[in-house]
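Read through the structure below, which is laid out as C-alpha cells, and then see the notes.
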Amino acid sequence: MIQLIRGFKDILPGETGVWQKIEKTAVSLFEDFGFCEIRLPVLEHTELFSRSIGKDTDIVEKEMYTFADRKGDSITMRPEATASIVRAYIQHRLYAVDPVQKLFTIGPMFRRERPQKGRYRQFYQIDAEVLGVDSPLVDAELILMLAELFRRLSVSDVSVHLNSLGCPKCRPGFTRALQRFLAKVTTQLCADCQKRKDKNPLRVLDCKVLACREAVADAPAMADHLCAECETHYTAVKDSLNNLSVKYEIDKRLVRGLDYYTRTTFEIQTGSLGAQSAVAGGGRYDGLIESLGGPAQPAIGFAIGLDRLAEIVSAQNKYASGGIDIFIAALGDKAKTAALEWSCALSLYGIKTETDYSNKGLKGLMKRADRLGARHVLIAGDKELDEGVAVLRDMSTKEQVPVKIEGIINNLKSKLTAS
RNA sequence: GUGGGUGUAGCUCAGUUGGCAGAGCACCGGGUUGUGGCCCCGGUUGUCGAGGGUUCAAUCCCCUUCACUCACCCCA
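With the working numbering applied, the first sequence corresponds to residues 7 to 425, in that order.
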C-alpha cells in the first residue's frame, strides 16, 4: 500500500467541516476589518527566505524543503507566508497604488521537522499583514482582530502574550548587555544555550530547561532597554489594547525565531496542545520590506496555525455536518430512473438530496437514509408509480403522507420548505 | 537531529511463559415477503506494520527497518 509522506496528512470528510468553519469565520472577519485576500505560490527562490527569515535561523538552516529544479535554480517550498507577501508587494509595486496594504492569505507551508502533536511537515496558516503603517494603533487593531477570531470560534483556553523586541537602534545595546550577563552565568546553562548565547542570545531567554530559566531569572529584559521611540511605541500599543479591553500578558521572554521581527511581538498561547503552545504568532517587521529591495515601509502581521486551531476547535465543540433534506428510496428499475431525475432536480433547486442506485431492499435503503441523517424519505416503488402517488416519510415523526407523482418536484418543494 | 512509548479486523483495544487469531463497536443478512434508530439471532472482515534471524513451530524471542505518538529542539 502506498502511504502518504511522513509528517503530511489528509484532512478527511469528517474534519473538513471544522476547517471550513474556521476559514469562513476568519475571511469574513478580516474583510470587515478591510483586509483583501492575496494568493501566492508555494514555491519561491530560496534566496527570498534566506534573506528574510535569516541565514542562521533553524528554519533556513535545517528545516526547508530546498532543491534544484530542472534548470538548476535553487527553489524552496515556502516555510511561511510573510516573505512572499512582501515580495509581491515589492514586485507588483502595490505601494505605488497605496502604500497601505492590508492583506491575508490561507495556505500550506512546509518545514521538515520531526512530526509531533500540532506539528506537521505540511501545515496550514492563516496569515494577515498590514504593510505601510507604523502607528502602534494598527498593532492594537490587529491583535484585537486576532483575539476576536478566537472569541467567535468559542476558543477560550487562549491568552495573548506581548513583548517588544526593539529596533536596530536599541537591540544591539540590549544584546550586548544580555551577553555580558550570560557570560557570568554561563556554567549554569544547558548545552544548547551555550551555543545560543553567542549566535542568538535572545533565544536563551525562552529556553525551557529549568536550570536555564533560573539562571536567566534576573537577566536584563528588552523592555527595559528600549530606545525612546520604541518605548513610546510599546506604551501606545499597551494603552490602546487597554482602551479596547483586549486582555494580554506582558511576556518579557517572548522571542521570535525569525530574524526580521522588530518592536511589537505577540503570540496566542494555549494549554490544550501539549508542547506546541503557540496557536498564532506575529509582530512588526519594520525593516524587512526595505531590506528585500522595496521602499522603506514598516509592516506588521501574524500567522495562525490552522491545524492547531482546528484541533482545539474540534475538541471544544462540534460543527457536525447537518444531514440531508431528503433521501429517495427507489425500488425497481423504473423507480430508479425516475429517482435520478428527481434527485437532480431537487439538488439543483438547493435541497440536499441523496438516493441509492444499488439493489438494496427498502429496509436497507431506510438504514442508509438514517445513517445519512435524512430528515425525509421519499418512497417510490412500482406500486407507487402505477398508482401515481409516492410516499413521503418524516423520519423524526414517522408520519407518512402521499405525494402525487405528477408535478412531484413542485409538490416536494412545497412540502419540504413548509416544514 | 536526539530520547521514551506504541504498531493485532474499518474503529477502540484484549491475547498468547512460542502451539488453529479474539471482544466490543461498525458493516452485511434475518426476525419484519416494502419501512430506519431500540431489541434478539446469525454472518463477513486480518500480510498480528515490513524485512531478516533463532526454532519442529514466531503475532509472541532476537536484529534491522518503517510508521504513529510523546518529549527535547523548533515554531504557527
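Where a beta carbon is used, it is the ideal one built from N, C-alpha and C, also for glycine.
Neighbour-count burial assignment, residue i, 16 or more Cβ in a 10 Å radius
i, result
"Q303", "buried"
"T17", "Per the sequence presented here, residue 17 reads as Ile, with Thr not at that position. Label assigned to I17: exposed."
"L168", "buried"
"T361", "buried"
"T111", "buried"
"M7", "exposed"
"Q430", "Residue numbering for the chain in the displayed model covers 7 to 425; residue 430 lies beyond these limits and cannot be assessed."
"E390", "buried"
"Q322", "exposed"
"K108", "buried"
"A197", "exposed"
"S58", "buried"
Member of the options whose CA lies at the smallest distance from the CA of residue i
i, options, result
"G289", "E296, S278, I310", "I310"
"R177", "Y266, L46, L137", "Y266"
"T63", "E43, E50, Q97, R117", "R117"
"P301", "P121, T361, L100, L346", "L100"
"Q275", "A335, C196, V164, A344", "V164"
"T271", "Y71, A146, A345", "A146"
"F55", "M83, F36, K30, D79", "M83"
"S283", "R125, D204, D376, K27", "R125"
"E255", "R57, K244, E53, A183", "K244"
"G77", "A134, H51, A336", "Looking at the sequence shown, residue 77 is not Gly but Lys. With distances taken between Cα atoms, K77 lies closest to H51."
"V222", "K30, T241, K258, A242", "K258"
"V161", "E69, G138, I414, I28", "I28"
"Y71", "K61, Q107, R127, L35", "R127"
"A386", "Q194, G367, S278, A351", "G367"
"D400", "D392, I414, G379", "G379"
"K123", "A281, F129, G299", "A281"
"F73", "E53, L35, G60", "E53"
Residues of its chain near residue i, where Cβ-Cβ distance is below 8 Å and the 5 sequence neighbours each way are ignored
i, result
"S353", "T359"
"S402", "R381"
"L150", "L247, L250, V252"
"V409", "L384, V395, A396, V397, L398, N417, L418, K421"
"G172", "F180, M228, H231, L232, C233, C236, T268, R269"
"T192", "Q200, K203"
"E119", "G13, E69, R125, R127"
Residue i versus residue j - alpha carbon distance
i, j, result
"S297", "I96", "11 Å"
"F41", "V215", "40 Å"
"I330", "Y363", "17 Å"
"D75", "I81", "7 Å"
"G113", "E21", "17 Å"
"E154", "D38", "12 Å"
"A89", "L152", "20 Å"
"G179", "A229", "12 Å"
"S6", "R209", "Because the chain is modelled from 7 through 425, residue 6 falls outside the range shown and cannot be assessed."
"F333", "W348", "11 Å"
"D104", "A305", "14 Å"
"S320", "Q406", "37 Å"
"G13", "P121", "5 Å"
"D140", "A375", "58 Å"
"L264", "T423", "55 Å"
"Q131", "M115", "7 Å"
"A32", "L148", "13 Å"
"L10", "V136", "36 Å"
"P85", "R158", "28 Å"
"R219", "I65", "24 Å"
"E317", "A87", "21 Å"
"G356", "I411", "20 Å"
"D133", "E67", "23 Å"
"G328", "V24", "13 Å"
"A450", "L371", "With the chain running from 7 to 425 in the structure shown, residue 450 is simply not present."
"A217", "R377", "56 Å"
Cβ-based neighbour list, residue i, same chain, cut-off 6 Å, excluding 5 preceding and 5 following
i, result
"C213", "C199"
"P19", "none"
"V285", "I274, T276, G311, R314, L315"
"I415", "A351"
"L279", "G124, R314"
"V156", "Note that residue 156 is Phe in the sequence shown, not Val. Same-chain partners within the cutoff: V164."
"D388", "G338"
"G287", "E273"
Beta-carbon proximity list for residue i, same chain, < 7 Å, skipping 5 on both sides
i, result
"F187", "A225, P226"
"K373", "none"
"H239", "P142, R269"
"V261", "L208, R209, L211, D212"
heavy atom of the ligand MN below 8 Å from residue i C-beta
i, result
"L368", "Judged by which ligands are present, the structure shown has none, so any question about the ligand MN falls away."
Check whether the segment 84-95 touches the segment 42-56, taking contact to mean three or more Cβ pairs, one atom from each stretch, closer than 8 Å.
yes
At least three beta-carbon pairs within less than 8 Å, the segment 327-346 to the segment 277-294
no
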